[in-house]
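Numbering-wise (our numbering), the sequence shown opens with residue 1091 and increments by one.
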Amino acid sequence: MSINRDPALDTFPKLLAHNGKSFPTETAMREKQFGIWVSFTWGQVLARTQALTLGLATLGVTKNSVVGLIGDNRPDWVMGELATHTLGGMSLGIYRDAMEDEVAYLVTYADIDVMLCEDEEQIDKLLALGDRIPSVRHIVYADPRGMRKYDDPRLIALEDLLARGEKALAADPARFEALVAATETEAVAVLCTTSGTTSHPKLAMLTGGSMVRHARSYLSVDPKGPQDDYVSVLPLPWIMEQMYAVSKWLVCRMVVNFVEEPETMMADMREIGPTFALLAPRVWETIAGDVRAKIMDSSRLKRVMYEFGMKLGQKALAEGRRSALADFILFRALRDRLGFSRLRSAATGGAALGPDTFKFFQAMGVPLRQLYGQTETMGAYTIHRAGEVDFDTVGVAFDSTIDIRIDNPDQNGIGEIVTRHPNMFTGYFRNEAASKADIRDGWMHTGDAGYFDKKGHLTVIDRIKDIATTSSGARFSPAYIENKLKFSP
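Structure below.
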């Protein structure tokens, strides 16, 4: 495995410059375009990011500028983010399916003056906002299809912006390197929207140095390297996709693959055969449901083999082993069909995954593990270690730098989960009151209720506000009990 731990490479632009110069011909990423996988080497990614950086500079992007990005996961998104950081700016990813009101709020709240968009769909969304986004001076689009009919003076094609950057680079070849050298490890690089039930999301401020350090911490318990393939399907505005497709990618040089469309995810994943995967619980559940549905529609012989193989696999799983016979008659072909034949590590996070689905993939030989974390804590900070997967828990902390405790526990040890580690967010953008409310004495109050089991694994049961209390003072979660009963045999 290859984990770059050089303390001098403490920002994303520095890591990119190092990788581009040291491994110029090594594949860095792939994107499926019109049915064909197109590869980009580290040298090509560096060269395109150089041009994009100086192109953005011609639009006025500078230190502390906020650049917005919206669209599907694409290489140009990642390079646009890195170019922004190189100029000392902050990137703010906006979910592609965000409603107009949310887009208007985020753009205005963050004073975004440059938006990087994928295509006509996102351009239409921005232009429809009219004078609700007065801060936006430039809108860059990557896909020119359908754009000829637009005449808004703020619009500029990505290829034209790159041409500007190439011209600026030719006039001052040393400027990019000087900008990279000037990037600061503790400067805010990413503004990440938080999840929650409030009317508007808060923006967590994440420094480049913290993201690099946390990626190294994560990789120490789940190592990856240049020989590994990852398929990026979860939205890039989400903190965990930022950690996987940007932070870990730069630190360990794994290959990140971008699918053609969200609808082609499973077909594209089968073609790549990733060595590790991060998918949302609903995606894992959909995959398991699709497998079961297809088995129900198959021949009687196939149904019998499936049921027999699954029983063998589940029995072996309960005994802490793998069934060679089940693998031979069922699971090997099933993994290959799903594109999971090379998987060495798989994770789910963002919400609890039902135990039936967890056991389904574990029995199949997919090394699925649960993650737990928040945007403010740089995403996940707990994980199941190999051989210690427990369907009821979210595992243990990555390493000793991460402290987790239960605040105000009842007699059963149930209380609020609070945590602290060196790589947490620095606060909420332009919201000091919320920052002080969530971080007290250096501890992040997650708002989640949980406890530690006898093995020291963390168990998350519900939001603390949804916890009920008995007359004796014991806490319990009605939803947690309901889920336990629902999945009880």
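All C-beta atoms in this analysis are idealised placements derived from N, C-alpha and C, irrespective of residue type, glycine included.
Keep in mind the model is a prediction, meaning the values are calculated, not measured.
Would you call residue i buried or exposed, if buried means 16 or more other Cβ atoms sit within 10 Å of its Cβ?
i, result
"Thr-1560", "exposed"
"Lys-1625", "The structure shown has nothing for residue 1625, since the chain only spans 1091 to 1579."
"Glu-1190", "exposed"
"Gly-1110", "buried"
"Ile-1529", "buried"
"Ile-1126", "exposed"
"Lys-1601", "This structure cannot speak to residue 1601, because the chain is shown only from 1091 to 1579."
"Met-1386", "exposed"
"Asn-1154", "exposed"
"Asn-1347", "buried"
"Pro-1579", "Bear in mind that a pLDDT of 49 at Pro-1579, under 50, signals an unreliable position, so the number given afterwards is only what the model happens to contain. Its Cβ having fewer than 16 others within 10 Å, Pro-1579 is exposed."
"Ser-1289", "exposed"
"Thr-1176", "buried"
"Ser-1410", "Before going on, a small fix: residue 1410 reads as Gly here, not Ser. That one is exposed."
"Ser-1307", "buried"
"Ser-1388", "exposed"
"Glu-1361", "exposed"
"Asp-1250", "exposed"
"Lys-1257", "exposed"
"Phe-1488", "buried"
Span of the beta strand (DSSP E) holding residue i?
i, result
"Met-1119", "1117 to 1123"
"Arg-1459", "1458 to 1464"
"Glu-1506", "1505 to 1510"
Quick one, are the C-beta atoms of residue i and residue j less than 7 angstroms apart?
i, j, result
"Pro-1364", "Tyr-1320", "yes"
"Met-1355", "Val-1323", "yes"
"Pro-1103", "Thr-1273", "yes"
"Ala-1441", "Pro-1371", "yes"
"Phe-1450", "Phe-1481", "no"
"Val-1157", "Ser-1181", "yes"
"Gly-1540", "Ile-1507", "yes"
"Gly-1179", "Leu-1159", "no"
"Ser-1435", "Phe-1366", "yes"
"Val-1486", "Gln-1460", "no"
"Glu-1065", "Ala-1232", "Given that the chain is displayed from residue 1091 to residue 1579, the structure contains no residue 1065 and the question cannot be resolved."
Return the first residue and the last residue of the alpha helix (DSSP H) that residue i is part of.
i, result
"Pro-1112", "Per the sequence presented here, residue 1112 reads as Ser, with Pro not at that position. Here the alpha helix (DSSP H) through Ser-1112 covers 1102 to 1112."
"Leu-1146", "1132 to 1148"
"Tyr-1396", "1390 to 1408"
"Val-1381", "1371 to 1386"
"Phe-1448", "1445 to 1454"
"Ser-1525", "1522 to 1528"
"Ile-1329", "1329 to 1332"
"Ala-1268", "1265 to 1272"
For residue i, which option in the options has the closest C-alpha, if you only look at C-alpha atoms?
i, options, result
"Val-1270", "Gln-1404, Gly-1463, Thr-1143, Ala-1539", "Thr-1143"
"Phe-1418", "Gly-1410, Met-1395, Gly-1439, Ser-1435", "Met-1395"
"Asp-1221", "Met-1468, Thr-1198, Ser-1388", "Thr-1198"
"Gly-1537", "Thr-1283, Gln-1464, Arg-1520", "Gln-1464"
"Glu-1192", "Asp-1209, Tyr-1240, Thr-1283, Asp-1250", "Thr-1283"
"Gly-1477", "Leu-1407, Ser-1310, Val-1349", "Leu-1407"
"Leu-1196", "Arg-1520, Leu-1461, Ile-1557, His-1511", "Arg-1520"
"Arg-1227", "Glu-1171, Arg-1244, Leu-1216", "Arg-1244"
"Arg-1095", "Gly-1403, Met-1514, Ser-1337, Ala-1141", "Ser-1337"
"Pro-1075", "Gly-1505, Met-1468, His-1535", "No answer is possible for residue 1075: the residues shown for the chain start at 1091 and end at 1579."
"Ile-1492", "Ala-1188, Glu-1267, His-1304", "His-1304"
"Leu-1105", "Gly-1133, Ala-1261, Arg-1186", "Gly-1133"
"Pro-1445", "Met-1344, Arg-1164, Trp-1374, Asp-1552", "Trp-1374"
"Met-1169", "Met-1237, Leu-1326, Arg-1432, Asp-1552", "Leu-1326"
"Lys-1239", "Ala-1253, Asp-1214, Leu-1248", "Asp-1214"
Which runs of the beta strand (DSSP E) at least 3 residues long sit entirely within the region 1190 to 1251? Give them in chain order. The region 1190 to 1251 is shown to contain whole beta strand (DSSP E) runs of 3 or more residues at 1204 to 1207, 1228 to 1231, 1245 to 1247, in chain order.
Which runs of the alpha helix (DSSP H), 4 residues or longer, sit entirely within the region 1283 to 1324? Here the runs fully enclosed are 1298 to 1311.
- Message: What ranges does the beta strand (DSSP E) occupy inside the region 1163 to 1191, keeping only unbroken runs of at least 3 residues that lie completely in it?
- Response: Taking only runs of at least 3 residues, the beta strand (DSSP E) segments lying wholly in the region 1163 to 1191 are 1180 to 1184.
Query - Secondary structure, alpha helix (DSSP H): runs of 4+ residues fully inside the region 1341 to 1368 - result: Secondary structure within the region 1341 to 1368: the alpha helix (DSSP H) runs of 4 or more consecutive residues, fully enclosed, are 1355 to 1362 (chain order).
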